[in-house]
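>
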Amino acid sequence: MPIFHPFHTPRGPRDSASASMSQPDRYTTERILEIQTVTPNLFRFRTTRYRGFRFIPGQFARLGVAGAEGAIIWRAYSIVSASYDEHLEFFSIVVPGGAFTTRLAQLREGDEIFVEKMNYGFLTTDRFEGGRDLWMLSTGTGVAPFVSILHEPGTWEQYDRIVLVHSVRQVAELAYGETVEGFRQHECFGELAHKLVYVPVVTREAHDSALAQRIPELLENGTLEVHTGVRLDREASRVMVCGNPEMVEETRAWFIGRGFELSRRSRPGHLALENLW
Ligand code: NAP
Numbered sequence: 109m110p111i112f113h114p115f116h117t118p119r120g121p122r123d124s125a126s127a128s129m130s131q132p133d134r135y136t137t138e139r140i141l142e143i144q145t146v147t148p149n150l151f152r153f154r155t156t157r158y159r160g161f162r163f164i165p166g167q168f169a170r171l172g173v174a175g176a177e178g179a180i181i182w183r184a185y186s187i188v189s190a191s192y193d194e195h196l197e198f199f200s201i202v203v204p205g206g207a208f209t210t211r212l213a214q215l216r217e218g219d220e221i222f223v224e225k226m227n228y229g230f231l232t233t234d235r236f237e238g239g240r241d242l243w244m245l246s247t248g249t250g251v252a253p254f255v256s257i258l259h260e261p262g263t264w265e266q267y268d269r270i271v272l273v274h275s276v277r278q279v280a281e282l283a284y285g286e287t288v289e290g291f292r293q294h295e296c297f298g299e300l301a302h303k304l305v306y307v308p309v310v311t312r313e314a315h316d317s318a319l320a321q322r323i324p325e326l327l328e329n330g331t332l333e334v335h336t337g338v339r340l341d342r343e344a345s346r347v348m349v350c351g352n353p354e355m356v357e358e359t360r361a362w363f364i365g366r367g368f369e370l371s372r373r374s375r376p377g378h379l380a381l382e383n384l385w
């Protein structure tokens, strides 16, 4: 079994075949239910879900696709869907030349996909104690675990303010914006919708209703706090970060420099991180 660091989960190796995953009882065979193209390089997809597969919102599953000569290629994917959904949903980029995503992108509805029975990862709100405001900072497909966390009723009950920042290059990559805005009308969470602050960030084209600078800059120059009207401090704020590893590292350093502490298994802190690759 792969060993994952308790608070900073490595997602690699990317697109690599795993010899250890040859025992069928360690995974189930599921089917692709639906594929939705977001951009030529981004797509959302749903699979059937083994009834025994359990996860905490924010965690990831390991997915397998058939590779050359019968080998299965495995890759970690954050789960987008709710813990109570009958299906599993994932959000993927097509990595140019990547063995896994190239094959994944060729799958069609009804095709097989393998899902490891174990769930993984520590980007979960149970890493925290206390706190008033939940901040979820993401780039690219790193928004995925936060959509799952937003589907969880406990998230809305636990925090006074919930800030989701999603930074992408082009506006078309703002996947799940509608889902997030849709929580305002949600039958369970609608009356708590005033807690939610959704902050799209588009860095490579002009967009009226999005911020334009990278997350570390928005933190450093105070724009995020002014824009959201929510102060960042270690007593009130619990911060989750997921996405581009350089963004995660720069953001980690910014928070550590302000006295925030990483959540550890033995000691809850204020900060939980996950690199996408
Ligand atoms: P990305 O380059 O990660 O950009 C997404 C957003 O993050 C943009 O707003 C970008 O701003 C920002 N960003 C990039 N570097 C940053 C940093 N150091 N600090 C703060 N913000 C930063 O784009 P992507 O489309 O999500 O992924 C890009 C590349 O990652 C692709 O080439 C892909 O092949 C590779 N990759 C992705 C995955 C995955 O699972 N998502 C896996 C393997 C490889 P700017 O526009 O200013 O750069």
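Residue numbers (this note's numbering): 109 to 385. Glycine included, every Cβ here is placed at the ideal spot set by N, Cα and C.
By the three-class DSSP mapping on this structure, what secondary structure does Glu260 have?
Walking along the sequence shown from the start, residue 260 turns up at place 152. Glu260: coil per DSSP, three-state reduction.
> Taking C-beta to C-beta, are Thr232 and Leu384 nearer than 8 Å?
Numbered from its first residue, the sequence shown carries residue 232 at position 124. Numbered from its first residue, the sequence shown carries residue 384 at position 276. Not in contact: Thr232 and Leu384 (Cβ atoms no closer than 8 Å).
> Could you name the residues that DSSP lists as bridge partners for Met244?
In the sequence shown, residue 244 corresponds to position 136, counting from 1. Bridge partners of Met244: Leu272, Met348.
> Go through the stretch 318–380 residue by residue and report every complete run of the alpha helix (DSSP H) that reaches 4 residues or more, in order.
With a minimum length of 4 residues, the continuous alpha helix (DSSP H) runs that stay inside the stretch 318–380 are 323–328, 331–336, 353–365.
> Does the beta carbon of Ile201 fall short of 7 Å from some heavy atom of the ligand MN?
Of the ligands this structure carries, namely the ligand NAP, none is the ligand MN.
> Confirm the yes/no value for this check: CB of Pro308, any heavy atom of the ligand NAP, distance under 7 Å.
The residue labelled residue 308 in the question sits at position 200 within the sequence shown. Pro308: no, Cβ never under 7 Å from the ligand NAP.
> Nearest-angstrom Cα distance between Trp182 and Gly218?
Stepping through the sequence shown from its first residue, residue 182 is reached at position 74. Stepping through the sequence shown from its first residue, residue 218 is reached at position 110. Using only the alpha carbons, I get a separation of about 19 Å.
> Let me confirm a value: Arg339 is counted as buried when at least 16 other C-beta atoms fall within 10 Å, else exposed. Which label applies?
As a working mapping, residue 339 is identified with position 231 in the sequence shown. Arg339 is exposed by the Cβ-count criterion.
> If you reduce the DSSP assignment to three classes, tell me which class Glu382 lands in.
Numbered from its first residue, the sequence shown carries residue 382 at position 274. Residue state, collapsed to three classes: strand.
> Within the continuous alpha helix (DSSP H) that includes Val288, where are the two ends?
One-based indexing of the sequence shown puts residue 288 at position 180. Where Val288 is concerned, the enclosing alpha helix (DSSP H) stretches over 285–290.
> Val255 by DSSP, collapsed to three states: which one?
In the sequence shown, the residue the question calls residue 255 occupies position 147. Here Val255 sits in helix by DSSP.
> Which two residues bound the contiguous alpha helix (DSSP H) that contains Ala213?
For this step, residue 213 is matched to residue 105 along the sequence shown. Looking at the DSSP string, the run of the alpha helix (DSSP H) that includes Ala213 is 207–214.
> In chain order, which continuous runs of the beta strand (DSSP E) of length 3 or greater are located wholly inside the stretch 168–196?
The stretch 168–196 contains these whole beta strand (DSSP E) runs: 168–174, 180–186.
> Quick check on the burial criterion: 16 or more other C-beta atoms within 10 angstroms. Buried or exposed for Glu369?
For the purposes of this step, residue 369 is identified with residue 261 of the sequence shown, where counting begins at 1. Glu369 comes out exposed.
> Helix, strand or coil: how does DSSP classify Ser126 here?
Indexing the sequence shown from 1 puts residue 126 at position 18. For Ser126, the predicted structure reports a pLDDT of 43, less than 50, and the residue's modelled location is therefore unreliable. A value from the coordinates is still provided. Reduced to three states, the DSSP call for Ser126 is coil.
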